[in-house]
Amino acid sequence: MRVTRRVLRLAAVAMLATGLIGLTASCRKQGPLERLGDKTDRALEKAGDAAEDAADKVKDAVEDGSDKVKDAAQEAKPEAN
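If you read the sequence shown in my numbering, its first letter stands for residue 4, the second for the next number, and so on.
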């Protein structure tokens, strides 16, 4: 019986301590470096999205150019014979 009470008391104290730590950690304000880090993350994400969009546009332009070259080669082929 004594061991069970001791274990239960230890578990209750551990759970209470964990809860208090969680509450105090979640309520604190962000410091200036954390805010700067968040802004940097957002800026890098936007830059990555813009780079992906630009790469897609370049890819589409290259494919269109390739199609035009193929079409021109097909049209020129009968004339070469």
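Beta carbons are placed, not taken as given, at the ideal position from N, Cα and C, and that holds for glycine.
Secondary structure of residue i, DSSP reduced to three states
i, result
"Lys42", "helix"
"Arg31", "coil"
C-alpha distance - residue i paired with residue j, whole-angstrom precision
i, j, result
"Lys49", "Asp74", "38 Å"
"Glu78", "Glu55", "35 Å"
"Arg38", "Arg8", "46 Å"
"Ala53", "Val61", "12 Å"
"Asp41", "Gly22", "26 Å"
"Ala17", "Leu36", "32 Å"
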